[in-house]
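Asks: Right, I'll just put the structure down here and ask away after.
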Amino acid sequence: MRPLSAFPPTSPRLLPWTDANGKSCYLISDRPHSLLGERADTVESLQLSMGADIIGHACEMLEDRRASVDELRFLALCLYEALRDALRIAQSHIERHRPVREVDSS
22 MRPLSAFPPT
32 SPRLLPWTDA
42 NGKSCYLISD
52 RPHSLLGERA
62 DTVESLQLSM
72 GADIIGHACE
82 MLEDRRASVD
92 ELRFLALCLY
102 EALRDALRIA
112 QSHIERHRPV
122 REVDSS
């Protein structure tokens, strides 16, 4: 699978992090292999890998009837963060690879 930064830019790239105020960060570049684009690919890969690990832990914890309320709350928070990250990655991918509409010149 090619890294997402290997595709030509069609629109600003939603990055997998926010600024200090929680606002979205975007990359605008005509270079498909920019350093920041490659860093974003690395972060996205790490986020997805961590999300997969959390799902594995969730299966184990949900089968354990001895799990405390605090442990389950922490699990819910981790699952929320993993889902948020995965949705942000999907949104970024969709926005950058949406087909460009042709303008009717007639």
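Take the position in the sequence shown, starting the count at 1, then add 21; the result is the number in my numbering. Glycine included, each C-beta is placed from N, C-alpha and C at the ideal position. As the structure is a prediction and not an experimental result, all values here were calculated from the model.
For the beta strand (DSSP E) that contains S45, what are its first and last residues?
Replies: S45 to L48
Asks: Of the choices H118, R105 and A97, whose alpha-carbon is the least far from that of L69?
Replies: The shortest C-alpha separation from L69 is found at R105.
Asks: State the beta-bridge partners of L35 as determined by DSSP.
Replies: Y47
Asks: Consult DSSP for D62 and reduce its assignment to one of helix, strand or coil.
Replies: helix
Asks: Take every Cβ of the stretch 52-66, pair it with every Cβ of the stretch 85-100, and state whether three or more of those distances are shorter than 8 Å.
Replies: no
Asks: Between which two residues does the alpha helix (DSSP H) holding S113 run?
Replies: In this chain, the alpha helix (DSSP H) harbouring S113 covers V90 to H118.
Asks: Three-state secondary structure (DSSP) at S70?
Replies: helix
Asks: Exposed or buried, which one is G43 when buried takes at least 16 other CB atoms within 10 Å?
Replies: exposed
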